[in-house]
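In terms of our numbering, the sequence shown is residues 1 to 121.
Using N, Cα and C, we set each Cβ at its ideal position, and we do this for glycine too.
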Amino acid sequence: MEKLHLRLQRPVPGVDHLHAVDPEQFASFHPHWDTIAANLDVDQINDFYVYEGEYGNASTHWHSSAKGLQAARAVLEHLRDNPGALDEQTHASYIELMETVESVLDDADLRDTPFCFVGNY
Numbered sequence: 001m002e003k004l005h006l007r008l009q010r011p012v013p014g015v016d017h018l019h020a021v022d023p024e025q026f027a028s029f030h031p032h033w034d035t036i037a038a039n040l041d042v043d044q045i046n047d048f049y050v051y052e053g054e055y056g057n058a059s060t061h062w063h064s065s066a067k068g069l070q071a072a073r074a075v076l077e078h079l080r081d082n083p084g085a086l087d088e089q090t091h092a093s094y095i096e097l098m099e100t101v102e103s104v105l106d107d108a109d110l111r112d113t114p115f116c117f118v119g120n121y
């Protein structure tokens with residue numbers, strides 16, 4: 001099963017970044033984020049992605065939380081403004097997911113803490 005995690009370079013008080021998002025749901029949202037981001041000319045998930053799958057031993061590349069937050073907010077705003085693009089239940093779950101991503105990245109940005117997305121695919 002494909003999984004995508006949100007990781008912070010260091011802990012942020014009050015933020016459980018290790019369990020904030022469902023990694024399987026986040027992986028399923030990956031192509032939607034990338035499609036929306038391409039249309040909005042903002043960063044896609046792969047711009048922040050680190051592969052740590054079966055053969056992955058790549059060093060972690062950390063990214064500005066402010067930059068990730070900008071992309072996440074643009075994608076979230078697009079989702080809110082376009083409710084008919086997905087079935088209602090999926091749409092609602094993706095909005096909830098993106099609100100969580102936005103919240104974690106906002107807290108990280110306030111503390112100047114870099115982040116990355118880590119996947120196994």
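query = Is the closest heavy atom of the ligand NAP to the C-beta of residue 41 under 6 angstroms?
reply = Absence of the ligand NAP is noted for the structure shown, with no ligands found whatsoever.
ask   = Within this structure, are the beta carbons of residue 8 and residue 20 separated by less than 7 angstroms?
value = Locating residue 8 in the sequence shown gives position 8, counting from the first residue. Locating residue 20 in the sequence shown gives position 20, counting from the first residue. No, they are not a contact pair.
query = Per DSSP, residue 118 forms a beta bridge with which residues?
reply = On the sequence shown, residue 118 is found 118 positions in, with the first residue counted as 1. Residue 118 is bridged to 5 and 50.
task = Pull up the CB-CB distance for residue 107 and residue 66, whole angstroms please, since I reckon it's below 8 angstroms.
result = Position 107 of the sequence shown, counting from 1, holds the residue named residue 107. Position 66 of the sequence shown, counting from 1, holds the residue named residue 66. Not confirmed; about 12 angstroms, so no contact.
ask   = Do residue 72 and residue 105 come within 7 angstroms of each other at the CB atom, strictly closer than that value?
value = One-based indexing of the sequence shown puts residue 105 at position 105. One-based indexing of the sequence shown puts residue 72 at position 72. Yes, they are a contact pair.
Residue 19, DSSP secondary structure in three states = For this step, residue 19 is matched to residue 19 along the sequence shown. Residue state, collapsed to three classes: coil.
query = Do residue 115 and residue 45 have their C-beta atoms within less than 7 angstroms of each other?
reply = Indexing the sequence shown from 1 puts residue 115 at position 115. Indexing the sequence shown from 1 puts residue 45 at position 45. No, the Cβ-Cβ distance between residue 115 and residue 45 is not below 7 angstroms.
ask   = If you drop the 5 nearest sequence neighbours on each side, which residues of the same chain put their C-beta closer than 8 angstroms to that of residue 10?
value = The residue labelled residue 10 in the question sits at position 10 within the sequence shown. Cβ neighbours of residue 10 beyond the five flanking positions: 113.
Residues bridged to residue 12 (per DSSP) = For the purposes of this step, residue 12 is identified with residue 12 of the sequence shown, where counting begins at 1. According to DSSP, which records beta bridges pairwise, residue 12 is partnered with 15.
ask   = What does DSSP give as the partner residues of residue 63 in its beta bridges?
value = Walking along the sequence shown from the start, residue 63 turns up at place 63. DSSP, once it has assigned bridges, lists 115 as partnering residue 63.
ask   = Just the Cα atoms here: how many angstroms apart are residue 42 and residue 89?
value = Locating residue 42 in the sequence shown gives position 42, where the first residue counts as 1. Locating residue 89 in the sequence shown gives position 89, where the first residue counts as 1. Their Cα atoms are separated by approximately 26 angstroms.
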